[in-house]
Amino acid sequence: MKKVIIFCLVVLGTGNLFAQENIENQEDSRLDFTANIQNNHLWRGLIITDKPVVMGNLSYALDKDKKWKVGIWGASALTDDKDGTHYKEINYYVQYSNGRLYIGLWDLFNSRNINTAVASDDIFNYSNRRTAHIIDLRTNYTFGPSFPLNIEADIMLYGGANAGEVVLEPDGSYKKNKYSTYVQASYPVIKNKKVNLDAFVGAGFALNDKTFLYGNGKNSFDIVNVGVKASKTIKITEHYSLPVSMMAMWNPSNKFARIQLAATVF
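Numbering (mature numbering (1 follows the signal peptide of the UniProt record, and there is no 0)) for the sequence shown: -19 to -1, 1 to 247.
Rendered as structure tokens:
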């Protein structure tokens, strides 16, 4: 019996060691992916779709500190929108983040409702005149702990024919890009509580035109995204918790508002 007990303890100890090594290997893994579900998709004050959406993000860290990453982000609506189109998007990105500073270069491709008269629905078409891809430069910076204000600035550098970002000459040749820009300030009104609350305000303008993507097409500068976002973590089991959020947003330029409920499944 003594030998059996010793053998069991050795087996259990070895199992715990392997389990610990597996956990450490998981923590050290540079490859990761996450999934979200939302009742809609709102982006920079725009309503991308009003239908429920499933989102996935696959990333790979290029360095051991996981500051540099490359990845693929994608999303799809669960049903058609009321206009009969179906939201599907696939993006590629490379980014740097050190916890306070973020810089990312994203390649966006939303295949919903592409107008083939002005843009190509070919995902491999990157021509400056007809590509539906958008090359998007994203930056944000969070100030110190005593003043955790976050400032975001994003510029569309290339493409976006389907989004109205490309301006053509009268003969149909390429003239210029508008370089629509979005800036946002957000601040954690309540933090480190059971329910946290952030408030934000965002504006849009174009660096190379009088109108820009996020507004109503009448003003050269406008407030396009105002709202609050509440978030908390729900403990489901001892080993699984579910981060959830609720956001209320208003677009004063386009005169609409939405509520968004979201959960990070894993």
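We put the CB at the ideal spot given by N, CA and C, even for glycine.
None of these values were measured; they are calculated from a predicted model.
Beta-carbon separation of residue 138 and residue 162 under 8 Å? Counting from one through the sequence shown, the residue named residue 138 turns up at place 157. Counting from one through the sequence shown, the residue named residue 162 turns up at place 181. No, Cβ-Cβ distance for residue 138 and residue 162 is not below 8 Å.
Going along the chain, which residues of its own chain have a beta-carbon closer than 6 Å to the beta-carbon of residue 37, five neighbours each way excluded? Mapped onto the sequence shown, residue 37 falls at position 56. These residues qualify, in order along the chain: 16, 55.
With respect to the beta strand (DSSP E) encompassing residue 148, which residues constitute its N-terminal and C-terminal limits? Translated into the one-based positions of the sequence shown, residue 148 becomes position 167. Unbroken beta strand (DSSP E) run through residue 148: 147 to 149.
Within the chosen definition, does the segment 88 to 97 reach the segment 111 to 131 through at least 3 CB pairs nearer than 8 Å? The segment 88 to 97 makes contact with the segment 111 to 131, as at least three CB pairs between them are under 8 Å.
Touch check for the segment 55 to 67 and the segment 93 to 101: three-plus C-beta pairs under 8 Å? Touching, yes, given that three or more Cβ pairs across the two stretches are closer than 8 Å.
I'd like the list of long-range same chain contacts for residue 229, defined as Cβ closer than 6 Å, with 5 residues on each side in sequence excluded. Locating residue 229 in the sequence shown gives position 248, where the first residue counts as 1. Excluding positions up to five away in sequence, the list reads 208, 209, 240.
Residues bridged to residue 259 by DSSP? Summary: the structure shown does not reach residue 259, with the chain confined to residues -19 through 247, and so no result is reported for it.
Can you tell me which of the three DSSP states residue 102 falls into? One-based indexing of the sequence shown puts residue 102 at position 121. It is coil, neither helix nor strand.
Which residues DSSP lists as bridging residue 84, in chain order: For the purposes of this step, residue 84 is taken as residue 103 along the sequence shown, with counting starting at 1. Answer is 77, 120, bridged to residue 84.
Residue 9, DSSP secondary structure in three states: Numbered from 1 along the sequence shown, position 28 holds the residue referred to as residue 9. Helix.
I need the DSSP call for residue -11, collapsed to helix, strand or coil. The count along the sequence shown starts at 1 and reaches residue -11 at position 9. Because residue -11 sits at a pLDDT of 36, beneath the cut-off of 50, its placement in the model cannot be relied upon, and the following sentence gives the value as read from the coordinates. Helix, per DSSP.
Reduced DSSP secondary structure (H/G/I, E/B, other) of residue 133: The sequence position of residue 133 within the sequence shown is 152, counting from 1. Residue 133: strand per DSSP, three-state reduction.
How would you label residue 128, buried or exposed, when you count the other beta carbons within 10 angstroms and need 16 or more for buried? For the purposes of this step, residue 128 is taken as residue 147 along the sequence shown, with counting starting at 1. So residue 128 ends up on the exposed side.
How long is the line joining the alpha carbons of residue 234 and residue 136, rounded to whole angstroms? Here residue 234 corresponds to residue number 253 of the sequence shown, with the count starting at 1. Here residue 136 corresponds to residue number 155 of the sequence shown, with the count starting at 1. Going by the C-alpha atoms only, they are around 19 Å apart.
List in chain order: all unbroken beta strand (DSSP E) runs of 3+ residues lying wholly within the segment 13 to 64. 22 to 24, 27 to 30, 34 to 42, 49 to 58
Between the alpha carbons of residue 75 and residue 50, how many angstroms are there, rounded? Numbered from 1 along the sequence shown, position 94 holds the residue referred to as residue 75. Numbered from 1 along the sequence shown, position 69 holds the residue referred to as residue 50. Each residue's alpha carbon lies about 6 Å from the other.
Where DSSP assigns a beta bridge to residue 222, which residues make up the other side? For the purposes of this step, residue 222 is taken as residue 241 along the sequence shown, with counting starting at 1. According to DSSP, which records beta bridges pairwise, residue 222 is partnered with 216.
Let me check understanding here. Comparing Cα to Cα, which of 47, 198, 145 lies closest to residue 10? Residue 10 sits at position 29 when you count from the first residue of the sequence shown. Checking every option, the nearest Cα to that of residue 10 belongs to 47.
Range covered by the beta strand (DSSP E) that runs through residue 185: To locate residue 185, count along the sequence shown from 1; it is residue 204. Per DSSP, residue 185 is one residue of the beta strand (DSSP E) stretching across 177 to 187.
In this structure, how does DSSP classify residue 244 when only helix, strand and coil are distinguished? In the sequence shown, counting from the first residue as 1, residue 244 sits at position 263. It is a strand residue.
Give me the Cα-Cα distance between residue 198 and residue 204, rounded to the nearest whole angstrom. Reading the sequence shown from its first residue, position 217 is the one you call residue 198. Reading the sequence shown from its first residue, position 223 is the one you call residue 204. So the alpha carbons of these two residues sit roughly 13 Å apart.
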